[in-house]
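Trainee:
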Amino acid sequence: MLILSMFFISIFLYFFYYYCLPFIIWYNEYVKSIYGGNKMKVLVAGGAGYIGSHICVELLQANHEVIVIDDFSNSKPEVLGYIKDITGKDVKFYEFNILDEKKTEQVFIENEIDAVIHCAAFKAVGESVEKPIEYYTNNLTTTLIVAKMMKKYHVNNIVFSSSATVYGDPEVVPLTEDCKLGETTNPYGASKAMMERILTDVQHACPEMSVTLLRYFNPIGAHESGLLGEDPKGIPNNLMPYIMKVAAGELPCLGVFGDDYDTPDGTGVRDYIHVVDLAKGHVLAIEKYNKPGLHVCNLGTGQGYSVLELVHAFERVNGVKVKYEIKPRRAGDIATCYADPTRAKEELGWVATRGIDEMCRDTWNFAKTRMK
Ligand code: UFG
Numbered sequence: 002m003l004i005l006s007m008f009f010i011s012i013f014l015y016f017f018y019y020y021c022l023p024f025i026i027w028y029n030e031y032v033k034s035i036y037g038g039n040k041m042k043v044l045v046a047g048g049a050g051y052i053g054s055h056i057c058v059e060l061l062q063a064n065h066e067v068i069v070i071d072d073f074s075n076s077k078p079e080v081l082g083y084i085k086d087i088t089g090k091d092v093k094f095y096e097f098n099i100l101d102e103k104k105t106e107q108v109f110i111e112n113e114i115d116a117v118i119h120c121a122a123f124k125a126v127g128e129s130v131e132k133p134i135e136y137y138t139n140n141l142t143t144t145l146i147v148a149k150m151m152k153k154y155h156v157n158n159i160v161f162s163s164s165a166t167v168y169g170d171p172e173v174v175p176l177t178e179d180c181k182l183g184e185t186t187n188p189y190g191a192s193k194a195m196m197e198r199i200l201t202d203v204q205h206a207c208p209e210m211s212v213t214l215l216r217y218f219n220p221i222g223a224h225e226s227g228l229l230g231e232d233p234k235g236i237p238n239n240l241m242p243y244i245m246k247v248a249a250g251e252l253p254c255l256g257v258f259g260d261d262y263d264t265p266d267g268t269g270v271r272d273y274i275h276v277v278d279l280a281k282g283h284v285l286a287i288e289k290y291n292k293p294g295l296h297v298c299n300l301g302t303g304q305g306y307s308v309l310e311l312v313h314a315f316e317r318v319n320g321v322k323v324k325y326e327i328k329p330r331r332a333g334d335i336a337t338c339y340a341d342p343t344r345a346k347e348e349l350g351w352v353a354t355r356g357i358d359e360m361c362r363d364t365w366n367f368a369k370t371r372m373k
């Protein structure tokens, strides 16, 4: 009798483990995904900025709740209204610089934050050379304060906006995450490398944390609505906003920095990535890397374009003229930089889907909306 009951129990357990349990787990996940069980409260530090605002849109559209801290040092308050226009949803907003530790702590007290996306930083390469103290103080101290609050309030998931600049002048391209980190050539780049280091050390000291370093290549483009995009204050440092302002007649002529690099047409080659693709990568990172450990991932397309290729694509796609002249090389520039995006595909299921034509079209659409 005993043997017989043990036989039936074993049969029951066998069927339960192999047939019922997987079904129960799948059903749970399914119900969670339908009813928002995976919904997180995400703090986006720097959420009104060019990249931060696109991240907010993608988070809200993926059904997450969003809290933003921004001091509008390189962004405008209208952006928050545009995020609502696009998504139909509000973010919870706090206006201050994260250097204000008391106010930052208050945000952690008031909200049960599940994850942080940290993209609050000064980012103008040229300005960083003029103002190294301001750059190091702002970029490093905000990172330390965010990390301190996360530790204190047991928030264990952070995605950090890093940059391909940490690879320095690459020995080989395409760049994989295992490539050696290089020498940075300006305080902005050095601060990104140091912020990576700080967060890596924090993760070692707090192994329960998930720290993700997303290394962006060259984000350009704008939201297809034309409402969000990059509109830097003053003369742009980066290529695409400069092209946009020349095409719009706000600046007379683009200077192409060097035509004697070892590249097909002599101008610098970069991996331009549409900002919406980049933002979608953050949502996947916050969801899929949400497990203890240090995660490092490139976000790029794997395809390089030269300065002149980008200029000509912009002219062709938008039917406009972009006047340019060749200037000397810019100090600190490298010839070629593009990503190997294999890890993002394998670990996050992420691939860039928007090509150079969409990047040019959406930038111009944003410029036209902005000029109205
Ligand atoms: N360029 C010009 N004229 C300009 C501006 C840029 O010819 O007015 C050229 C540069 O020489 C370079 C290319 O355009 O060959 C791209 O320059 P960007 O300034 O747009 O971008 P960078 O590659 O220098 O740097 C950018 C960001 C960094 C980031 C890096 C990651 O500014 O924050 O991409 O690859 F770290």
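Under this note's numbering, the first residue of the sequence shown is numbered 2, with each subsequent residue one higher. By construction, the Cβ of each residue, glycine as well, lies at the ideal position given by its N, Cα and C atoms.
1) In or out: I87 buried (at least 16 other Cβ within 10 Å) or exposed?
2) Would you tell me roughly how many angstroms separate the C-alpha atoms of V247 and I114, rounded to the nearest one?
3) Does the beta-carbon of N382 have 16 or more other beta-carbons within 10 angstroms, so that it is buried, or is it exposed?
4) What are the residues that DSSP puts in a beta bridge with S307?
5) Please confirm if the segment 137-148 is in contact with the segment 187-197, defined as three or more CB-CB distances below 8 Å between the two stretches.
6) Is R344 near the ligand UFG, judged by its Cβ being under 7 Å from some heavy atom?
7) If you scan the segment 158-186 from start to end, which runs of the beta strand (DSSP E) of 3 or more residues do you find wholly inside it?
8) Which whole-angstrom value describes the C-beta separation of V1 and L309, a residue pair presumed to lie in contact below a C-beta threshold of 8 Å?
9) Starting from C338, follow its DSSP beta bridges and name the residues at the other end.
10) Please find out if some non-hydrogen atom of the ligand UFG comes closer than 7 Å to the beta-carbon of K124.
11) Quick check: the Cα distance between Q68 and K93, rounded to an integer number of angstroms?
12) From A249, R331 and Y95, pick the residue whose C-alpha is nearest to that of M372; which is it?
13) Can you tell me whether DSSP reads N39 as helix, strand or coil?
14) Taking the alpha-carbon positions, what's the G333 to K85 distance?
15) Closest by CA to D72, which one among A46, H55 and S211?
16) Count the other CB atoms within 10 Å of the CB of G185; is the residue buried (16 or more) or exposed (fewer)?
17) Under 7 Å from any heavy atom of the ligand UFG, does the C-beta of T166 make it?
18) Count the other C-beta atoms from every protein chain shown that fall within 10 angstroms of the C-beta of C298, then say buried if there are 16 or more, exposed otherwise.
19) Out of E96, L61, L60 and C361, point me to the one whose CA is closest to E231's CA.
20) When burial is assigned at 16 or more other CB atoms within 10 Å of the CB, is R330 buried or exposed?
21) For E96 and K90, I'd like the C-alpha separation in whole angstroms.
22) For the beta strand (DSSP E) containing G254, list its first residue and its last residue.
23) Considering only residues of the same chain and omitting the five flanking positions on each side of R188, which have a CB-CB separation below 7 Å?
24) Are the CB atoms of T143 and L100 within a distance shorter than 8 Å?
25) With DSSP run on the structure shown, which of helix, strand or coil describes K234?
26) Going by DSSP, which residues form a beta bridge with M94?
27) What are the boundary residues of the alpha helix (DSSP H) that E79 is part of?
28) Spatial neighbours of R344 within its chain, please: C-beta separation below 6 Å, excluding the five flanking residues on both sides.
29) So, is T166 buried or exposed, given that buried needs 16 or more other C-beta atoms within 10 angstroms?
30) For S211, write down the residues that DSSP places opposite it in a beta bridge.
31) Taking the alpha carbon of K292 as the reference point, which residue from N157, E106 and K152 has its own alpha carbon closest?
32) Run through DSSP, which three-state label would P188 get?
33) With DSSP as the reference, label L229 as helix, strand or coil.
Mentor: To lay it out plainly:
1) The residue given as residue 87 occupies position 86 in the sequence shown. Buried: at least 16 other Cβ atoms inside 10 Å.
2) Taking the first residue of the sequence shown as position 1, residue 247 is located at position 246. Taking the first residue of the sequence shown as position 1, residue 114 is located at position 113. Going by the C-alpha atoms only, they are around 42 Å apart.
3) The question about residue 382 has no answer here: the residues shown for the chain are numbered 2 through 373.
4) One-based indexing of the sequence shown puts residue 307 at position 306. Note: S307 sits in a beta bridge opposite V270.
5) The answer is yes - the segment 187-197 touches the segment 137-148, with three or more Cβ pairs under 8 Å.
6) Numbered from 1 along the sequence shown, position 343 holds the residue referred to as residue 344. The answer is no for R344.
7) 158-164
8) No statement about residue 1 is possible, as the shown extent of the chain runs from 2 to 373 and does not include it.
9) For the purposes of this step, residue 338 is identified with residue 337 of the sequence shown, where counting begins at 1. C338 pairs with R271.
10) Counting from 1 along the sequence shown, the entry for residue 124 is found at position 123. Yes, Cβ of K124 sits closer than 7 Å to a heavy atom of the ligand UFG.
11) Mapped onto the sequence shown, residue 68 falls at position 67. Mapped onto the sequence shown, residue 93 falls at position 92. The sequence given here has Ile at residue 68, not Gln. In this model, I68 and K93 are separated by some 5 Å (Cα to Cα).
12) Looking up residue 372 in the sequence shown gives position 371. Answer by Cα proximity: A249.
13) Translated into the one-based positions of the sequence shown, residue 39 becomes position 38. Of the three classes helix, strand and coil, the one that applies to N39 here is coil, per DSSP.
14) On the sequence shown, position 332 is the one that residue 333 refers to. On the sequence shown, position 84 is the one that residue 85 refers to. Cα-Cα distance, rounded: 39 Å.
15) Here the question's residue 72 lines up with position 71 in the sequence shown. For the residues A46, H55 and S211, the minimum Cα distance to D72 belongs to A46.
16) Translated into positions along the sequence shown, residue 185 becomes position 184. Residue 185 is actually Thr in this sequence, not Gly. Label assigned to T185: buried.
17) Walking along the sequence shown from the start, residue 166 turns up at place 165. Yes, the Cβ of T166 comes within 7 Å of a heavy atom of the ligand UFG.
18) Residue numbering aside, residue 298 sits at position 297 when the sequence shown is read from its first letter. That one is buried.
19) Start at 1 with the first residue of the sequence shown, and residue 231 comes out as number 230. Nearest C-alpha to E231: C361.
20) Residue numbering aside, residue 330 sits at position 329 when the sequence shown is read from its first letter. Looking at its Cβ environment, which holds fewer than 16 other Cβ atoms inside 10 Å, R330 is exposed.
21) On the sequence shown, position 95 is the one that residue 96 refers to. On the sequence shown, position 89 is the one that residue 90 refers to. Spanning the two alpha carbons is a distance of roughly 19 Å.
22) Here residue 254 is taken as the residue at index 253 of the sequence shown, counted from 1. Per the sequence shown, the amino acid found at residue 254 is Cys instead of Gly. Careful: C254 lies outside any beta strand (DSSP E) and carries neither H nor E.
23) Your numbering for residue 188 matches position 187 in the sequence shown. A small correction: the amino acid at residue 188 is Pro; Arg does not occupy that position in the sequence shown. Excluding residues within five positions, the ones whose Cβ falls inside 7 Å are S129, V130, P133, Y136 and Y137.
24) Translated into the one-based positions of the sequence shown, residue 100 becomes position 99. Translated into the one-based positions of the sequence shown, residue 143 becomes position 142. Against a cut-off of 8 Å, the Cβ pair of T143 and L100 comes out as a contact.
25) Here residue 234 refers to the residue found at position 233 of the sequence shown. Three-state result, K234: coil.
26) Numbered from its first residue, the sequence shown carries residue 94 at position 93. It should be noted that the sequence gives Phe, not Met, for residue 94. DSSP, once it has assigned bridges, lists V69 as partnering F94.
27) For this step, residue 79 is matched to residue 78 along the sequence shown. Taken as a continuous stretch (DSSP letters only), the alpha helix (DSSP H) holding E79 covers E79 to T88.
28) Counting from one through the sequence shown, the residue named residue 344 turns up at place 343. Around R344: E178 and C298.
29) Counted from its first residue, the sequence shown places residue 166 at position 165. Label assigned to T166: buried.
30) Mapped onto the sequence shown, residue 211 falls at position 210. In the DSSP output, where bridge partners are listed per residue, S211 has N158 and G294.
31) As a working mapping, residue 292 is identified with position 291 in the sequence shown. The shortest C-alpha separation from K292 is found at N157.
32) Residue numbering aside, residue 188 sits at position 187 when the sequence shown is read from its first letter. Three-state result, P188: helix.
33) For this step, residue 229 is matched to residue 228 along the sequence shown. If DSSP states are grouped into helix, strand and coil, L229 belongs with coil.
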